[in-house]
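Under the numbering used here, the first residue of the sequence shown is numbered -5, with each subsequent residue one higher.
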Amino acid sequence: MNRVAQASACRGQLPLAVLLLLILAPRAYSQTFTQRGFLETDLIGYPQTAPNDSGQVIGEALFRYEAFYKLSPDWQFAGGIDARTDTHNQVDRDWQLSWDDRERRRPSFAVRQLSATYSHNKLTVELGKQFIRWGKADLLNPTSRFSPQDFLTVVDADFLAVTAARLTYGGQSNTIELVWSPLFTPSRVPLLGQRWSIVPAGVTLQEQAPSFPGGSQFGARWNHIGRAAEYSLSFYDGRNNLPLFNFQLQPQLPLTVDVQRFYPQMRMYGGDAAIPLKSITVKVEAAYFTSTTKTEDEYALFVAQVERQAGEWFFIGGYAGEAITAYRPGLQFAPDRGLTRAFLGHAGYTIDTNRSVALETAIRQNGRGVWVKLEYSQSFGQHWRATAGYTLIRGDTSDFLGEYRRNSHALLALRYSF
């Protein structure tokens, strides 16, 4: 059975198992069962139209449910599902339950997480669909290679879980982590024909079925906590979850180009450190990437930041950089590299127990791209929270941020949590 057929069969068998877990577990194991979730509705408004998208108002709804069951001191289980819809056709209109997150659009129903964890003494083993985050920086994580993201809205990306086996061994000072992922999970890229996909004027792009790689991904990380600092070294061998593109020109008018995503081989060597000082904490993170794919660059990414907490204020600011050691011509969607050679910042203020304000920004060092996101959030009672925000994007068309200059937008969100 090929991989496509296996994935389809897997999707067909998952709904019953997941529903039984989420419905029967709280009744059978109420003493060791916990659950949480929320229902959120968003209204997004774009003041400007885009050349390939005249839509200016989008409505979205997301229901998320998560359950956790502790069978014994050694065994625990975690599961979660997402159900969503929207008005802009960014969500699939089918009733299948997705496991592998390989759909072009966001799935209407998806297994967000489903894993089993065994812990005993210094050993922890987690199997299943899980979230794996590496690195210590808050602004950008070059070393976090098992963390694909949903980039349909480029500047508001959510993380996706991966199917993996993760083994962690160690104590308070030293920890070794090994990860093996048998199923490749790609990052989701902007949809052709919508405003977050930049298409040259006068060209029609026809997307072909993507070429997903076979094989598995492997990673290892060693972390040390010392008296003066915490630091780690990491290694990854597998595929880049961000795609390169193959193009084929069609002999017809208007000008039509077939486009296919494929995922280059990647090997990463990285490290990170956090150094607490008297009034600030300094964090650095860097990674070097090599590839056997002829159209993939070899390069290094790094980020250096400082953070400070003072009363109800917190501030994080730093710089992200890139150094290319081998340039190979190829077209790639790479928001991680797109946010380098820039000053990055994140600040927030807690007004009181119910209200807060947050600010995020990225400013290109040459001034050709700017992204600023401001949000105000307020809770009402124990379950309701409203958020209002505005994202401003400006810059030149030659800049990664600047090419999205027509995508400044306002957000109104209402969430009920339980």
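Even for Gly, the Cβ is constructed at its ideal location relative to N, Cα and C.
To which residues of the same chain is residue i closer than 7 Å at the C-beta, ignoring the five residues directly before and after it?
i, result
"residue 391", "397"
"residue 403", "38, 39, 40, 385"
"residue 399", "387, 388, 389"
"residue 410", "32, 33, 377, 378"
"residue 292", "283, 284, 285, 319, 320"
"residue 81", "52, 53"
"residue 126", "140, 141, 156, 158, 160, 173"
"residue 45", "195"
Beta-carbon within less than 8 Å of residue i's beta-carbon, same chain only, minus the 5 sequence neighbours each way: which residues are those?
i, result
"residue 335", "314, 315, 316, 358, 359, 360"
"residue 203", "254"
"residue 165", "116"
Spatial neighbours of residue i within its chain, please: CB distance less than 6 Å, with the 5 preceding and 5 following residues excluded, ordered by chain position.
i, result
"residue 408", "35, 380"
"residue 111", "70, 120"
"residue 227", "216, 265"
"residue 118", "162"
"residue 296", "280, 315"
Let's see if you can read the secondary structure: which residues bound the beta strand (DSSP E) around residue i?
i, result
"residue 128", "Counting along the chain, residue 128 falls outside any beta strand (DSSP E), and DSSP gives it neither H nor E."
"residue 156", "156 to 164"
"residue 410", "403 to 411"
"residue 112", "103 to 114"
"residue 37", "27 to 39"
"residue 298", "292 to 304"
"residue 173", "168 to 175"
Can you say whether residue i is buried or exposed, counting buried as having 16 or more other CB atoms within 10 angstroms of its CB?
i, result
"residue 116", "exposed"
"residue 245", "exposed"
"residue 100", "buried"
"residue 393", "buried"
"residue 197", "exposed"
"residue 68", "exposed"
"residue 340", "buried"
"residue 65", "exposed"
"residue 154", "buried"
"residue 413", "Within the shown structure, residues of the chain are numbered from -5 to 412, placing residue 413 beyond reach of any answer."
"residue 223", "exposed"
"residue 232", "buried"
"residue 208", "exposed"
"residue 299", "buried"
"residue 51", "exposed"
"residue 365", "buried"
"residue -2", "Low confidence applies here, because residue -2 scores a pLDDT of 39, under 50, leaving its location unreliable and the question unanswered by this model."
"residue 84", "buried"
"residue 168", "exposed"
"residue 401", "buried"
"residue 23", "Residue placement at residue 23 is poorly supported in this model, since its pLDDT is 44, which falls under 50; the coordinates are not used for a value here."
"residue 406", "exposed"
"residue 185", "buried"
"residue 356", "buried"
"residue 234", "buried"
I'd like to check one pair, residue j with residue i: are the Cβ atoms closer than 9 Å?
i, j, result
"residue 268", "residue 130", "yes"
"residue 188", "residue 49", "yes"
"residue 73", "residue 113", "no"
"residue 75", "residue 91", "yes"
"residue 276", "residue 213", "no"
"residue 494", "residue 183", "As shown, the chain starts at -5 and ends at 412. That puts residue 494 outside it, with no answer to give."
"residue 142", "residue 156", "yes"
"residue 96", "residue 180", "yes"
"residue 271", "residue 329", "no"
"residue 327", "residue 229", "no"
"residue 199", "residue 251", "yes"
"residue 206", "residue 178", "yes"
"residue 93", "residue 104", "yes"
Residue i CB to nearest chain D CB: under 9 Å?
i, result
"residue 411", "Absent from the structure is chain D; it holds one protein chain and no more."
Contiguous alpha helix (DSSP H) assignments of at least 4 residues, all confined to the stretch 315 to 397: DSSP runs (the alpha helix (DSSP H)) wholly in the stretch 315 to 397: 329 to 332.
Inside the stretch 42 to 76 only - beta strand (DSSP E) runs reaching at least 3 residues: Fully enclosed beta strand (DSSP E) runs of 3 or longer: 51 to 64.
Runs of beta strand (DSSP E) lying entirely within the stretch 238 to 278, each at least 3 residues, in chain order: Whole beta strand (DSSP E) segments, 3+ residues: 238 to 244, 250 to 256, 259 to 270.
Alpha helix (DSSP H) runs wholly inside the stretch 192 to 244, at least 4 long, in chain order: The qualifying runs do not exist here; there are none.
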